[in-house]
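Peer 1:
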Amino acid sequence: MANTIPDIPLNDGNTIPQLGFGVFQIAPKDTAEAVGRALEVGYRHIDTAEMYGNEAEVGEAIRTSGLDRGEVFVTSKLNNGFHRPDDARKAFESTLSALKMDYIDLFLIHWPLPTRYDGDFVSTWQALKEFQGDGRARSIGVSNFQVAHLERLAAEADVVPAVNQIELHPYFANEEVRAYDRQLNIVTEAWSPVAQGKVLDDPTVVDVAEQVGRTPAQVVLRWHVQRGDIVFPKSVTPKRIEENFHLFDFALDDAAMEQISGLDRGEAGRQGPNPDEFDYIPG
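Just so you know, we're using this note's numbering here: the sequence shown kicks off at 2 and counts up by one.
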């Protein structure tokens, strides 16, 4: 089995690499080096966000990599403080400016914030449609949207998100949202794919890893891949950046997949905020 990263088709006719490199909680001063290393290893999909504060360094790493802009799939996300359409337009321009790019491959609403902005994320979504319409965002999507939020977009907007990036890992398989994403032909992306490291010491994961001769992280990331979701592990450690890239030269059998899926704790397994309640706006 070759270590070729598959491209997943999106509902807008574009494609996205199934494996990416995430930069959440990587300090700006460390971001360019980490992303540069990831690109050297072979990653061609970088996931950042306005609220991460490291878009400029992501852009710098891509420019100095020697790769053509078109070879790297870049995602960013709208800051929670800028949901009003005019604010979203300015924030999007700031993203392009920070990255020093004239387009972005994928731009997401980072959180639905249903208790803010009079619960109106639909007008925010309409602003993202403008960015896609003028070609500055090749694809647009959402992050942390629950079924009710997606239902509302489906009812009130005529463009379906290309992706929904949600918390997803063996302790929180988020199956209701994944199923609804599939129903609407929305690709699911997994953030916190190893539950911030918490699943890596799980005896079941350790046992499967020993059976297949891989690291616990590789096994969990492979579980995501075989479920058909997009995953972007994050690390600043060169060895781990490389290890996490090697997910496509082995496979888990059905028994191993079921063992890992059996770790799901439902809502009790959620590590991050609940999107129905989360209302954080950076100061």
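Beta carbons are placed, not taken as given, at the ideal position from N, Cα and C, and that holds for glycine. In this text the structure is predicted, and so the values were computed from the model without any measurement.
Candidates GLU41, MET52 and ILE6: which alpha carbon is nearest GLY284's?
Peer 2: Residue 284 sits at position 283 when you count from the first residue of the sequence shown. Per the Cα distances, MET52.
Peer 1: If distances are taken between C-alpha atoms only, which option among ASP202, ARG70 and ARG266 comes closest to TYR172?
Peer 2: If you number the sequence shown from 1, residue 172 lands on position 171. Per the Cα distances, ARG266.
Peer 1: What are the partner residues of HIS111, as DSSP defines its beta bridges?
Peer 2: Taking the first residue of the sequence shown as position 1, residue 111 is located at position 110. Partner(s): none; HIS111 has no beta bridge.
Peer 1: With which residues is PHE22 paired in a DSSP beta bridge?
Peer 2: Reading the sequence shown from its first residue, position 21 is the one you call residue 22. BP columns for PHE22 point to ILE47.
Peer 1: Can you tell me the Cβ-Cβ gap for VAL160 and ILE187, rounded? I've got them flagged as a contact below 8 Å.
Peer 2: Translated into positions along the sequence shown, residue 160 becomes position 159. Translated into positions along the sequence shown, residue 187 becomes position 186. The pair is not a contact, with the Cβ atoms about 11 Å apart (cut-off 8 Å).
Peer 1: What's the gap between the Cα of TRP224 and the Cα of LEU253?
Peer 2: Start at 1 with the first residue of the sequence shown, and residue 224 comes out as number 223. Start at 1 with the first residue of the sequence shown, and residue 253 comes out as number 252. If I take the Cα positions, the gap works out to 7 Å.
Peer 1: Three Cβ pairs or more, each shorter than 8 Å: is that satisfied between the stretch 131 to 146 and the stretch 91 to 100?
Peer 2: yes
Peer 1: GLU34: which of LEU68, ASN80 and ALA62 sits nearest, CA to CA?
Peer 2: What you label residue 34 is simply residue 33 of the sequence shown in a count that begins at 1. When each option's Cα is compared against that of GLU34, the closest is ALA62.
Peer 1: Comparing C-alpha positions only, which one of SER124, ALA196 and LEU114 sits nearest to ALA269?
Peer 2: The residue labelled residue 269 in the question sits at position 268 within the sequence shown. Considering only alpha carbons, the answer is ALA196.
Peer 1: In three-state DSSP terms, what is GLY142?
Peer 2: In the sequence shown, the residue the question calls residue 142 occupies position 141. Here GLY142 sits in strand by DSSP.
Peer 1: Taking the alpha carbon of ASP280 as the reference point, which residue from ASN245, ASN4 and ASP119 has its own alpha carbon closest?
Peer 2: As a first step, residue 280 must be located in the sequence shown, where it is residue number 279. Closest by alpha carbon: ASP119.
Peer 1: If we count the other Cβ atoms within 10 Å of its Cβ and call it buried at 16 or more, is ALA156 buried or exposed?
Peer 2: What you label residue 156 is simply residue 155 of the sequence shown in a count that begins at 1. Burial call: exposed.
Peer 1: Taking Cβ to Cβ, would you say LEU312 is nearer than 8 Å to ASN81?
Peer 2: In this structure the chain extends from 2 to 284, so residue 312 is not present and cannot be described.
Peer 1: Can you have a look at ASP230 and say buried or exposed, based on whether 16 or more other CB atoms are within 10 angstroms of its CB?
Peer 2: Numbered from 1 along the sequence shown, position 229 holds the residue referred to as residue 230. Buried is the call here.
Peer 1: Applying the criterion that 16 or more other CB atoms from any shown protein chain within 10 Å of the CB defines a buried residue, is ALA28 buried or exposed?
Peer 2: One-based indexing of the sequence shown puts residue 28 at position 27. Result: exposed.
Peer 1: Are at least three pairs of beta-carbons, each pair with one atom in the stretch 2 to 12 and one in the stretch 242 to 251, less than 8 Å apart?
Peer 2: yes
Peer 1: Among THR238, ILE105 and ALA149, which has the Cα closest to the Cα of PHE122?
Peer 2: Numbered from 1 along the sequence shown, position 121 holds the residue referred to as residue 122. Here the closest residue by C-alpha is ALA149.
Peer 1: Need the endpoints of the beta strand (DSSP E) that LEU79 sits in, please.
Peer 2: Here residue 79 refers to the residue found at position 78 when the sequence shown is read from its first residue. Per DSSP, LEU79 belongs to the beta strand (DSSP E) from 74 to 79.
Peer 1: For PRO10, write down the residues that DSSP places opposite it in a beta bridge.
Peer 2: Start at 1 with the first residue of the sequence shown, and residue 10 comes out as number 9. The partner list for PRO10 (beta bridge, DSSP) reads THR16.
Peer 1: Express the C-alpha separation of ARG215 and ASP202 in angstroms, rounding to a whole number.
Peer 2: Taking the sequence shown and counting its residues from 1, the one referred to as residue 202 is at position 201. Taking the sequence shown and counting its residues from 1, the one referred to as residue 215 is at position 214. Their Cα atoms are separated by approximately 14 Å.
Peer 1: Can you give me the C-alpha to C-alpha distance between MET102 and GLY263, rounded to a whole angstrom?
Peer 2: For the purposes of this step, residue 102 is identified with residue 101 of the sequence shown, where counting begins at 1. For the purposes of this step, residue 263 is identified with residue 262 of the sequence shown, where counting begins at 1. Using only the alpha carbons, I get a separation of about 43 Å.
Peer 1: Near GLY60, which residues of its chain fall below 7 Å by C-beta distance, leaving aside the five closest residues on each side in sequence?
Peer 2: Here residue 60 is taken as the residue at index 59 of the sequence shown, counted from 1. Apart from the 5 residues on each side of it in sequence, GLY60 sits with its Cβ closer than 7 Å to the Cβ of ALA99, LEU100, LYS101 and MET102 in its chain, given in chain order.
Peer 1: Tell me which residues share the same chain as PRO86 and place their Cβ nearer than 8 Å to its Cβ, disregarding the 5 neighbours each side in the sequence.
Peer 2: Counting from one through the sequence shown, the residue named residue 86 turns up at place 85. Cβ within range, chain order: SER124, THR125, GLN127 and ALA128.
Peer 1: What does DSSP give as the partner residue(s) for ALA191 in the beta ladder?
Peer 2: As a position in the sequence shown, residue 191 is number 190, starting the count at 1. ILE167 and VAL232.
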